[in-house]
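Following this note's numbering, the numbering of the sequence shown begins with 2 at its first residue and continues without gaps. Below is one structure, written out as structure tokens; the observations come after it.
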Amino acid sequence: MILLTFNLRSFQVPTEKQGLFTMKELDEVSVKGVQGLLRILENAEIQATFFIESHFAERNPELIKSIAAKNFGIAHWYTEENTDQLAESKKILQEISGKKIFGIRYAPHCDVSADDLKKLDYVYDASFEPRDISQYLKKITRKTTQYVKDDIMYLPVSQSPMTRLPFSDFSFQFLPLRYYEGMVLETVNQDEYTLLYYYPWQFMNVKSPDYGLPFYRKYNLGDKMYHKFSEFLKWINENDFATATLKEYFF
């Protein structure tokens, strides 16, 4: 089983670059990235889960409704520093998508407890730690398969058992496709599934210095990333791997 997940919010630029763009322009990067992804996912008949920030959903409701209408998984990406807005944020996403939200992914700086999640009827937590250039290809020492704690199921991002490399968004962008596919294969063979994540902006041409991306994040962006991912989906189908939303597979 291969479990694809995408993190959806406005494209983030460094503070010193924020004055160069309107929120609509930053949203548009992610919107167009998602629209392209939806086309190739549908054409390949492959399922995925989208973790969506509620502020982004409020500004782009038609896109969120489109994702939900195509029966892709909808989950909550929470980016605030505390839980004050958690309940309202989840409510907004449910109202826009028309779907009941069971899962969450949140930033490590947000202090969210299992009690907070249970009070709001979340059943799984698929959070991960963002990694800088020195950590993108560094092995993970924590658990990398699902586990239950305090009545919440935690779904960590997978790690290749042989190479010990994590399946970060950058690992797909950086590693040769055949090598990445080999990592996926060995992980499925050991763990029965592989949980992966990506950002829609990676499929857009955001190499301009105005966007402020570090040089290593510009590698294989845009059309190259789109083509690479299309080939990955083709490989998934050719090898008869199943795909599902997180809710479908774990619950």
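Using N, Cα and C, we set each Cβ at its ideal position, and we do this for glycine too.
Worksheet entry | Sub-8 Å separation of tryptophan 1 and phenylalanine 12 beta-carbons | Since the displayed the chain opens at 2 and closes at 252, residue 1 lies outside it and no answer follows.
Item to complete: Return the CA-CA distance between tyrosine 148 and glycine 20, expressed in angstroms with no decimal places.
Response: 43 Å
Worksheet entry | Contiguous alpha helix (DSSP H) assignments of at least 4 residues, all confined to the segment 176 to 235 | 178 to 192
Discussion item. Quick check: does the Cβ of tyrosine 123 come within less than 7 Å of any heavy atom belonging to the ligand MN?
Written reply: Summarising the ligand content, the structure contains no ligands, and the ligand MN is consequently not present.
Discussion item. Give me the residue from Tyr79, Phe230, Arg60 and Val158 with the minimum Cα distance to leucine 38.
Written reply: Phe230
Fill in: Where asparagine 240 falls, given that 16 or more other Cβ within 10 Å makes a residue buried
exposed
Worksheet item: Of the residues Asn61, Arg10 and Trp78, which one's Cα is nearest the Cα of alanine 257?
Response: Lying outside 2 to 252, the shown extent of the chain, residue 257 is not represented and no answer is given.
Worksheet item: When the Cβ atoms of the segment 145 to 160 are set against those of the segment 210 to 230, are three or more pairs found closer than 8 Å?
Response: no
Discussion item. Just to confirm, is the Cβ distance from tyrosine 250 to phenylalanine 7 under 8 Å?
Written reply: no
Item to complete: Quick one: using the 10 Å Cβ neighbour count with 16 as the cut-off for buried, is arginine 106 buried or exposed?
Response: buried
Item to complete: Could you work out which residue in Ala88, Tyr217 and Gly74 is closest to threonine 80 when comparing CA atoms only?
Response: Ala88
Worksheet item: What's the C-alpha gap between glycine 99 and isoleucine 75?
Response: 10 Å
Discussion item. Alanine 115 and lysine 144 - do their beta-carbons sit closer together than 8 Å?
Written reply: no
Worksheet entry | DSSP beta-bridge partners of alanine 76 | Phe52
Practice prompt. Please state if the CB of phenylalanine 73 and the CB of leucine 9 are separated by a distance shorter than 8 Å.
Written response: no
Item to complete: Taking aspartate 192 and threonine 146 to be in contact with their CB atoms under 8 Å, please state how far apart those CB atoms are, rounded to whole angstroms.
Response: 5 Å
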